[in-house]
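Here's the structure we're looking at; comments come further down.
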Amino acid sequence: MENLYRSFAKIAVLAYLSILPMQAMTMDLNEIIPSLYGGDGVTLWDTHSTAFTQASLEDLQGLSETLSDFSQPSLSSIVGLTFEFDPILDEFVPTTTTQSLGSSLTERPQTVGKGVFTFSIAYGHTKFSELDGHSLDSLTLDLGHSDPPPGALTCLAPGFPNPPPDNCYSFLDDVARLTLKLDITQQFINLSTSYGLTENVDIGFHIPIIHTKVSASSVASIVNDPSIIYSPLGGNGSLHGFDPINGDDPVSSASGSHTGMGDFFIHAKHHFYDSDKLNLGSLFQVRLPTGDEDNLQGIEDVGGKAMLLADATFPLNNGSLTPYLNAGIAVNTSNSGQDKLMYNVGLEYDVIFGEHHTSASIDFMGRNTITNKSDSGEDIYDLGLGIKYALTKRGSVYANIILPINDSGLRPDVTYIFGFTWTK
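Residues 2 to 425 (the working numbering) are what the sequence shown spells out, left to right.
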């Protein structure tokens, strides 16, 4: 067992080095978007230089906070055959009660077997493309004008009368429009283990190593109120404009990347009901906030998850059909933490030809926020498709894609996951 953990540590170090960025970080990733336009808000020219400064600071910060609310896909603790000890052969052999390799996206009730150790490594890639249904290539922020001081003109007309007539240029209704292009990409390597304390109880942990890259660019423009036709000013008549010398250039960009360990997960699983057809179990998981929240790689404070697990296996042609279900709740102990209902429903078909064992699975995955709801990402629904192949009785490889079903929150077009698991 000591040699196994030594090997695990070496793999963890190599995995970390494999996705290290080539450039150093100059700022935290959650500061990238607020740093646009010098980080002090949009500045115009002349006397109205700060007309949209406060709105830009607030809106860019709000956008950054909305974009930071995402997490990596949750992978199951066992991906492969389960084992039991055969006293006659004096070794661990695959169980005869199930012939399912198991989905890599949904937990199954079965445990690995007393004294059995499993190790899994998975690589995932996600490029986010939408925020609440809006393309990240062309997000728009319309900034409102700041309130004028008491007694100041609020509308311009020839001769600059105060109070102004009805037909005047209502410059307070002008808008500074930011058209943003965002590129947010995340790669992760997930290292996980499970160990059978008894025939029906497993313990284990997950360590995600994450590389996140964020780049943002913005083009600003002034959208004048239609009443500008009454403006007494020369030129285009607008009171607002950009001046790269005395204010901000209308074009701004910033980028950065970070590699680090995400939140650390510890789990325990109990397989409490076993029959020829139906299996029931429970999973308890604790999340430790080891990831860097400011770099979009962790969640504030300790969290946890409790899930009920169920599956049933039915023979079908040369293999077996296994419907399965996970349902439970995930909690966060911080004051602003969101608690979520979580559930996965899926179907797996396993086929065995001699020594070759292959499976295909489909998963529906849902998360519904039940506390501290926000305007974005309250309800997340995904579809997972996977294939798995047992290289030997102890090792298997798998591949999955995850497709978003709805457009709530920050969403990719597709997430790719490739993994390998080995049992000792």
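From the three backbone atoms N, C-alpha and C, an ideal C-beta is built for every residue, glycine too.
Secondary structure at residue 317: strand, using DSSP grouped into helix, strand and coil. Taken atom to atom, the span from the alpha-carbon of residue 301 to that of residue 263 is near 11 Å. From the listed residues 72, 211, 179 and 255, the smallest Cα separation to residue 40 is found for 255. Where residue 364 is concerned, there is no enclosing alpha helix (DSSP H), although the beta strand (DSSP E) around it starts and stops at 357 to 370. Leaving aside the five residues that flank residue 49 on each side, the residues in its chain whose CB is nearer than 6 Å to its CB run, in chain order, 240 and 241. Per the DSSP secondary-structure output, residue 416 pairs in a beta bridge with 127 and 403.
Put simply, the region 125 to 141 does not touch the region 222 to 234. Fewer than three CB pairs are less than 8 Å apart. Judged by beta-carbon spacing, residue 101 lies within the 8 Å limit of residue 349, meaning their Cβ atoms are closer than that value. Non-local C-beta neighbours of residue 170 in its own chain, meaning closer than 6 Å and more than five positions away in sequence, comprise 157, 228, 229, 231 and 232, ordered along the chain.
As far as DSSP is concerned, residue 297 takes part in no beta bridge. DSSP places residue 65 in the uninterrupted alpha helix (DSSP H) bounded by 54 to 68. Between residue 261 and residue 211, the C-beta spacing is below 8 Å. Taking 4 residues as the shortest admissible run, the region 194 to 221 contains no complete alpha helix (DSSP H) segment at all. Going by C-alpha positions, residue 356 is about 8 Å away from residue 394.
Assigned with DSSP and collapsed to three states, residue 39 falls in helix. Around the Cβ of residue 354, a 10 Å sphere holds fewer than 16 other Cβ atoms; the residue is exposed. In the displayed model, residue 121 falls within a strand according to three-state DSSP. Between residue 384 and residue 365, the gap from beta carbon to beta carbon is short of 8 Å. Residue 290 and residue 303 have their C-alpha atoms some 6 Å from each other.
Between residue 31 and residue 190, the alpha-carbon positions lie close to 22 Å from each other. For the set 286, 113, 316 and 390, the Cα lying nearest the Cα of residue 332 is the one of 286. Within a 10 Å sphere around the beta-carbon of residue 272 sit 16 or more other beta-carbons, which makes this residue buried. Spatial neighbours of residue 46 in its own chain (CB-CB distance under 8 Å, excluding positions within 5 residues in sequence) are listed in chain order as 242, 243, 244, 247 and 248. Going by DSSP, residue 260 is part of the beta strand (DSSP E) stretching over 252 to 262.
Secondary structure note for residue 349: its beta strand (DSSP E) is the uninterrupted segment 341 to 354.
The region 158 to 177 and the region 102 to 110 do not touch, with fewer than 3 CB-CB distances between them shorter than 8 Å. By the C-beta criterion, the region 116 to 125 is judged to be in contact with the region 417 to 425, since at least 3 inter-stretch pairs fall below 8 Å. Beta-bridge analysis with DSSP links residue 190 to 124 and 210. A distance below 7 Å between beta-carbons, with the five flanking residues on each side excluded, links residue 37 to the following residues of its chain, in chain order: 61, 217, 219, 253 and 255.
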